[in-house]
Amino acid sequence: MTIAKTFRYSHTIGFLSATGRGFTNPVDLAINSKGVLYVLNRAGPETPVRLPSKRVSMVTVDEEWLGEWGTGGRNDGEFWWPSSIAIDSLDNVYVADEALQRISIFDQKGKFLDKWGVKGSLEGQLGRPSCIRFDLKENLWLTDSANHKVQQFTKEGEFLSAWGERGKNPGHFEGPWGLALTSTGDSMSPTGETTVSNATAAWASSLMSSTGTSKRPAFTGRLVL
16 MTIAKTFRYS HTIGFLSATG RGFTNPVDLA INSKGVLYVL NRAGPETPVR LPSKRVSMVT
76 VDEEWLGEWG TGGRNDGEFW WPSSIAIDSL DNVYVADEAL QRISIFDQKG KFLDKWGVKG
136 SLEGQLGRPS CIRFDLKENL WLTDSANHKV QQFTKEGEFL SAWGERGKNP GHFEGPWGLA
196 LTSTGDSMSP TGETTVSNAT AAWASSLMSS TGTSKRPAFT GRLVL
């Protein structure tokens, strides 16, 4: 196996906290043009006491706390099973929600702007969107976990393309939960069983939780840099 790059530990940001400073099950993060980290907190079970913990936290790499926004719920601008976050060139924030089957759009201060997404299994429909990433053309790629495929949309939600199907052979997926784009825009997605399907580039990885299983991120309150 060829190792392209190694990473050296720098420091840890955050601690377990239901609201305010710290995080509650941080599942994803994105960085805007000003270097602000937007941390997506999935939190715990959907009970009234835990709904305020489903939020986006804003911090810097130097641990400066800038605020938070969002709450749990099913209305516009609210989260139920938030799964992934991405930021466009205008610093607008996009949040995928597995349970609500939608992509919600906010400005950089958390003001709700728009949403798109329709639940279903056809091309252009969503089945538990688990990860979203922008390519160089600002098209939005997402892993469609329940539909076992990768889809591509404009950032306004217009369907562009899709590929993949359920299975264990090369090119197949089993509940994909992650997406990375190369510098040329090729997409790669680890599945729930640590195999990787890749459009063109030779690349391999796995998503591992603290238990050693290749499922979703473990319940923690820290970011390790």
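Just so we're on the same page, this note's numbering is the position in the sequence shown counted from 1, plus 15. No residue lacks a Cβ here, since even glycine has one placed at the ideal position from N, Cα and C. These numbers were taken from a predicted model, which means no experiment stands behind them.
Next item on the list: Sort H163, Q123, T75, S99 by Cα distance to S136 and report the nearest one.
Entry: H163
Item checked: Straight-line gap, R70 to G182 (C-alpha atoms, nearest Å) -> 34 Å
Note to self: Let me check understanding here. Comparing Cα to Cα, which of T62, R148, K170 lies closest to W96?
What the structure shows: T62
Check: Counting only runs that start and end within the region 134–206, where is the beta strand (DSSP E) found for 3 or more residues in a row?
Finding: 144–149, 154–159, 164–169, 174–178, 202–205
Item checked: Where the beta strand (DSSP E) containing A45 begins and where it ends -> 41–46
Notebook entry, point to check: DSSP beta-bridge partners for F319?
Noted result: As displayed, the chain neither begins before 16 nor continues past 240, which places residue 319 out of reach and without an answer.
Next item on the list: Could you name the residues of the same chain whose beta carbon sits closer than 6 Å to that of T206, not counting the 5 residues immediately before and after it, in chain order?
Entry: Low confidence applies here, because T206 scores a pLDDT of 47, under 50, leaving its location unreliable and the question unanswered by this model.
Check: Taking the DSSP output, what are the residues bridged to N56?
Finding: P41, R70
Next item on the list: Leaving out five residues on either side along the sequence, give the residues of the same chain with a beta carbon under 7 Å from the beta carbon of S48.
Entry: D106
Next item on the list: For K130, name the three-state secondary structure that DSSP assigns.
Entry: strand
Check: Could you give the distance in angstroms between the alpha-carbon of D91 and the alpha-carbon of D103?
Finding: 20 Å
Note to self: So, for A45: in the same chain, excluding its five sequence neighbours on each side, which residues have a beta-carbon less than 6 Å away from its beta-carbon?
What the structure shows: Y53, I100, A101, I102
Notebook entry, point to check: To the nearest whole angstrom, what separates the beta carbons of R148 and L194, a pair I think is in contact under 8 Å?
Noted result: 5 Å
Checklist line | Cα-Cα separation, I118 to F22 | finding: 32 Å
Notebook entry, point to check: Three-state secondary structure (DSSP) at W84?
Noted result: strand
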